[in-house]
Structure formats: structure tokens, C-alpha cells
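What follows is a single structure, written as C-alpha cells, with notes after it.
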Amino acid sequence: MKQVVIEALQTASPVPLEPQMVERPLHSQMGDYALPCFSMAKTLRKAPKLIAEEIAAAVSHPAIEKTEAVNGYVNLFLQRDAAAEPVLRPILAKGPTYGSSTIGADGVVTIDMSSPNIAKPFSMGHLRSTVIGNSIALLLEKSGYQPVKINYIGDWGTQFGKLLTAYRKWGSQEAVEQAPIKTLLQLYIRFHEEAEIDPSLNDEGRAAFKALEDGEPDALALWKWFKEESLNEFQRIYELLGVTFDSYNGEAYYNDKMDPVVEWLDSEGLLTESDGALVVDLGEEMPPCLIKKSDGATLYATRDLAAALDRKTTYGFEKSIYVVGNEQSLHFQQIKLVLKQLGCDWAQDITHVPFGMILKDGKKMSTRKGKLVLLEEVLKEAIELAKRNIEAKNPSLENKEEVAKAVGVGAILFSDLKQHRKHDIEFDLEKMLQTEGETGPYLQYSCARAHAVLRKADGRGDEGISSVNDYEWEIITQLQQFPEAVQRATVELDPSIIAKYAIDLAQAFNSFYGNVHILSDATNQSFRLSLVQSVSIVLEESMRLLGMQAPREM
RNA sequence: GUCCUAGUAGCUCAGGGGAUAGAGCGACGGCCUCCUAAGCCGUAGGUCGCAGGUUCGAUUCCUGCCUGGGACGCCA
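The opening residue of the first sequence carries number 965 in the working numbering; numbering runs sequentially from there.
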């Protein structure tokens, strides 16, 4: 559509036009497209106002209804009746694949996401990584890439030594079986409490981890058991969120893959000793990357290097994305630099997608002090609230449980995804449970309304389009922008672009719905029903891309 | 101290070299004999952190400063 506008303008413009010179006006009453004429003033040696007036007067094109010159802008109004049909036709024809593309050309993109720690509860922070990563995967898929979702489980490290120690001292099999994560967390917290009084516990913990690394059967059996129990619990949450993974290879998986990396670094002469530890020097700009502790043990960076190399050979990715909190941005810069020094030019294909932390009372939530909010409880509460809303608003609804789940989870998902901010977020349960305004339930409700109209219309109405009113036109322009929104969200790896788009579309639809009574007015009825149908398609697809369900009734 | 990131309405946030800076929540006032009121319509509310610079034009780009958050060698 923009192409047509540029063509039309070009016939009247004294200078060649670039696509980016044409923009959307501030308000819809100013027209559909605008051409600011300020940049032409210099070369033409004329006042912008005058240039705009001349262009506006000269434009003549069947697709343009009228032009206006205002304050140095040429404002264009499209011929609505003619423009509407070409927007709706592809949506109705393609359905959910409207906006899909093959830009990705089947390129593989790995996504490091979720990555909860075994024996620790699933926190709100993990939620962000999980839902953002999941949505990015859906977006990539829609644009023709092959996403590979990797859950890099935190299943190794000194904390397991501590946990083993705590379990042997105070734990019981029954308690862990009954409530695995809760019990393990309590043990973990107790360990830190007692270690403050008796620091020798820390040595015991380290020793236990060493035993685990050395493959002591009893320690290994306990570790395996803890891991299984934890994964089972995580699985419940993933099912609720509707998220699946292609790989659960956690940190332990890379244990035997680190030595070769260290040897490689050494053979390239990149390792230097510093205070007994082995590091890769990264120059003046950046602190060195720690590869081995002074006691010979490996570190996070070592594991991540091994993981990156392993993923490159396993998947042959063209891009590797890490959805990890922004407190780790230095770490990823270091990883990329080390890989570059190893001669891996694909290091530039690694992208860190950072996000802010979730704070409680302005502070980081701490696992050790037990001061954290459990995602599962938040989800439960949201579902409860959705159920109460259904009882109050639509008690005759058939599959209440299912809808309550979709709406409750949708509220939590959306409250997280609509925000792009890398800024930290203050945890606010009340805000997350909102169902009014710019929320997940608002989108779902809009969609349910659209379906109600379609259900009751039942093939009625058969007039053509005589005129497109402002409400209808607003929807048309929104619908037309969907493919562009998908593309931008994909390129920028930013689901919030879709979230905002969906809100705009839903608002346009609700405004139309509230001001035009579709079924009792025969005017333009078939056109209006196509419009409603198109809205339901695009809204549903938007929600799908965010990982949300769209119930037909609620 | 160095680096990263942010500072827009009472609150949560969009936007982004250009026309009167937008939503939602909260506040106030309307709208259900009518397709689901989880909705619609309206009112109030802003020196876009501060100071310079680049530009015909800066809230947007650059520099400095202030404030919040984070990272900065044996945690991940």
C-alpha cells in the first residue's frame, strides 16, 4: 500500500522519494500517510509549506481520495472502499499463516532459555526467560527459521555439595518425595543459616561436591534423584505455560566437554596464570575471563564455552540466542571475545537477549534467605481469580476450568511480555492479576466477542461495501500492519512489539464493536463480518505468538 | 573508581530527528429493553532527569552531570 502512495507522490514531487520519507501521521484524522517537506526546502530553495502545497495540489491517483497540505506536510487520505478489500482478502484466504514468511530460509537458531536450577524453586525471573524465549521461538518459526529451544538446566555446582550435606544431616526421603522442591529449598536455606554459625559446613559442602564430581555412587544417586524430582515439578509449570523444549542438556552434560576446551585455549597460547587461576586476557577494555579456579575446578565461563562449541557442531546454528538477565551481559561479551580469539568467526552470531530483574521492595530476591515469590503460587492465584470472574460474569460457561486456566495464565504471560524494558521490574502481584485495560484477558475477551458475533451471524448479510467508516478503517489499517509487526518483532527479538500490536488491534475492534451494532444493522453487513473474522484470525495468531491461549468463549 | 542499562502524566509503561508527545491503571462523569460492561464514550493530569552541543528542527542523536539498578577473578 505504501508503494502505491510513493508512486502517487512521485508523480507530483520535484525530487526523487525514498520509502522512509513517507511516514504515518500523528493522528488518524490527519490522514493515512504523510510526507514531510522540510528536507526538500534546501535543495529547492523554497519554503516547506509552499512545497507541500504544490505537491498536494498536483497529486492525482485513483488510490488517493484526497490530499491536504498542513504545516509543511502533505497528508494523504486513501480511497478507503478500494483499499479495504485487498487487506481483508489475504487474511481470510491465509488464515493463521497471514504474516508468515520464509525470510529465515530454514536457518537454525538455538535459544538458551528458562534454565532453572535443580533443587531450587521456579522463580519469577525464570518466568521471564521462559516466556520471552518461547515467544521468540514462535516468532522465528513464523518467519521461516528453525528454532531449537534449549533448557540449560542448572544441575551442577557447589550448591549440590551443600544440598547433599544438608540432606544427610537433616533430610528425609519421605519429605522430599512429598514436596521435592519445597523440602530441598528448606534444606538449602537451613544449610546457609547453620553455616553462618558454623563455617566448617561450607568445607563439608565443597567436599561433598568434590565427591560428586569424582563419581561417588551414593552422592551420584542422590543427585540423580533430586534432579528427577525437580524436573517433574518444573514439568507441571511448563505444561501450564504451554512451553516445550528440544533439549534439556544442562550444565552436567558439559562436564566431559570442558577439558578439550581448556586444552585448546592452552594450545593457542591464550591461557595465562593469575593468582593461581587460569584466565584468558581480553585486553584493556574488559576484565579477563576466568577459565579455571586456583584449585583446578572449572567455572561458568568454561562450561558456557564448551556449550557454545557443542551447540555449533550439533546444530550448525546461524544464530545462537541467550535469553538471560542483563546482569550477565559482561559474561556474554567475554564469551564472545574468547571464541573470537580461538578463531571462531561465528562468535558474532551469539546474541544475548537481556531483561531486567524482578525486584521485591526494591531489592533482588534471594533464594538463600527464602525471600522469593514462587511462580506456581502466582499462577494458581491468577487461575483462581479467573474462575471467580467467570462465575460472576458468565456462570453458564461450559468448560470453566479450562478457560480459567487459559485466562489466568494469559494474564501472567502478557503482563511480562508487553514490557520490553531492560529496566528492573518491581514485583506487583496486583498488576499481574489485572484483567482490565492492556492485559491478556482483554485480548482474549476481544477475541471471544468477535467469535460471538460470528456465531450469531450465521452467514447473514450480503451487501457490498458502500462506505468504510472511521471505526472500520482503523481496524483495516491495523490489520494491514500485522506482517510488518511480526517482521520487526522477529528481527529485534522482541515479543513486546506483538503484544503492543495486539492491544492496538483489540482496541480498534472494541471501539468498533461498542459503536456499531453489527448484527442489527444491515448496512455493509457482509463486509463487517469479514472484518470481524479477520480480527479474530489476527488476534488469535498474535496471542499464539505470545504463547497464549484464545478461548472462543469466556 | 571503571563499564553496562535506564530516568516521559500520581503509578506502570509506549513512542521516537519533525505537526497539538500517546496508552493503561488510579481519579472524576456518562453508557447495558441492544452482538459477552473482562467493554465503550468523555474530563482532568506532562518545562519527556539537568546543562550544553549538532541541526532549518531535539523529548529522540552527541558530550558532561545528577539519580536508580546491575556488572567488574576464583558464584551462576
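Glycine included, every Cβ here is placed at the ideal spot set by N, Cα and C.
Source: prediction; values computed, not measured.
Shortest alpha-carbon distance to residue i belongs to which of the options?
| i | options | result |
| --- | --- | --- |
| LEU1104 | LEU973, ILE1462, SER1484, TYR1477 | ILE1462 |
| ALA1033 | LEU1014, ALA1047, ILE1354, LEU1301 | LEU1014 |
| ASN1196 | GLN1142, TYR1217, ASP1070, PHE1155 | GLN1142 |
| LEU1273 | GLY1063, VAL1226, ASP1167, GLU1504 | VAL1226 |
| LEU1509 | LYS1006, GLY1118, SER1460 | SER1460 |
| LEU1294 | LYS1276, PHE1281, ALA1265, LYS1283 | ALA1265 |
| ALA924 | ALA1375, LEU1493, LEU1204 | As displayed, the chain neither begins before 965 nor continues past 1518, which places residue 924 out of reach and without an answer. |
| LYS1386 | ASP1220, TYR1435, VAL1287 | VAL1287 |
| HIS1523 | THR1074, THR975, ALA1011 | This structure does not reach residue 1523, given that the chain is present from 965 up to 1518, and the question cannot be answered. |
| SER1078 | PRO1060, ASN1098, TYR1062 | ASN1098 |
| SER1093 | PHE1491, THR1007, TYR1202, ARG1132 | TYR1202 |
| MET1321 | MET994, SER1087, LEU1056, PRO1050 | SER1087 |
| VAL1051 | VAL1112, LYS1221, MET965, ASP1259 | MET965 |
| LYS1188 | GLU1138, ALA1083, GLY1233 | ALA1083 |
How would you write the range of the alpha helix (DSSP H) that residue i sits in, first residue to last?
| i | result |
| --- | --- |
| CYS1411 | 1404-1421 |
| PRO1012 | 1012-1022 |
| LYS1221 | LYS1221 -> no alpha helix (DSSP H), and no H or E assigned at all. |
| VAL1337 | Segment: none, VAL1337 is in no alpha helix (DSSP H) and carries neither H nor E. |
| LEU1008 | 1004-1008 |
Indicate whether residue i and residue j have their beta-carbon atoms separated by less than 8 Å.
| i | j | result |
| --- | --- | --- |
| GLY1214 | TYR1116 | yes |
| ARG1044 | TRP1437 | yes |
| ILE1299 | LEU1339 | no |
| ASP1070 | GLN1110 | yes |
| VAL1095 | LEU1377 | yes |
| VAL1337 | ALA1350 | no |
| LEU1148 | LEU1127 | yes |
| TYR1477 | ARG1413 | yes |
| PRO1144 | GLU1180 | no |
| VAL1373 | ILE1354 | no |
| SER1498 | LEU1443 | yes |
| ILE1429 | ALA998 | no |
| MET1518 | TYR1435 | no |
| SER1284 | THR1074 | yes |
| ALA1271 | LEU1254 | no |
| ASP1313 | PHE1281 | yes |
What residue range does the beta strand (DSSP E) around residue i cover?
| i | result |
| --- | --- |
| GLU1237 | 1235-1238 |
| PRO1111 | 1110-1115 |
| PHE1041 | 1037-1042 |
| GLU1029 | 1028-1034 |
| ILE970 | It is not in any beta strand (DSSP E) - ILE970 instead sits in the alpha helix (DSSP H) that spans 966-974. |
| LYS1257 | Where LYS1257 is concerned, there is no enclosing beta strand (DSSP E), given that its DSSP letter is neither H nor E. |
| ALA1514 | Run containing ALA1514: none; DSSP gives neither H nor E here. |
| LEU1246 | That residue, LEU1246, is in no beta strand (DSSP E); it is neither H nor E in DSSP. |
| LEU1165 | Where LEU1165 is concerned, there is no enclosing beta strand (DSSP E), although the alpha helix (DSSP H) it sits in stretches over 1164-1177. |
When you compare only the Cα positions, how much space is there between residue i and residue j?
| i | j | result |
| --- | --- | --- |
| HIS1481 | THR1031 | 31 Å |
| PHE1002 | ASN1039 | 14 Å |
| PRO1252 | TYR1217 | 26 Å |
| VAL1317 | ALA1311 | 15 Å |
| ALA1027 | TYR1279 | 48 Å |
| GLY1089 | ALA1346 | 17 Å |
| ILE1114 | LYS1146 | 25 Å |
| ASP1178 | LYS1395 | 48 Å |
| GLN1150 | ALA1172 | 19 Å |
| PHE1473 | VAL1496 | 8 Å |
| ALA1159 | MET1507 | 47 Å |
| ASP1223 | GLU1448 | 46 Å |
| GLN1445 | THR1066 | 18 Å |
| THR1208 | HIS991 | 42 Å |
| PRO1085 | ILE1161 | 25 Å |
| GLU971 | GLY1036 | 20 Å |
| GLN1305 | ASP1245 | 10 Å |
> Taking only runs of the alpha helix (DSSP H) that begin and end inside the segment 1268-1322, which ones reach a length of at least 4 residues, in chain order?
Replying inline: 1293-1305
> Which full runs of the alpha helix (DSSP H) of 4+ residues lie inside the segment 1179-1205, going along the chain?
Replying inline: 1181-1205
>> Report the start-end ranges of each alpha helix (DSSP H) in the segment 1441-1486 that is 4 residues or longer and not cut off at the edges.
In response: 1446-1455, 1460-1479
> Which residue spans inside the segment 1060-1145 form an unbroken alpha helix (DSSP H) run of at least 4?
Replying inline: 1088-1106, 1122-1134, 1137-1142
>> Which runs of the beta strand (DSSP E) at least 3 residues long sit entirely within the segment 1351-1391? Give them in chain order.
In response: none
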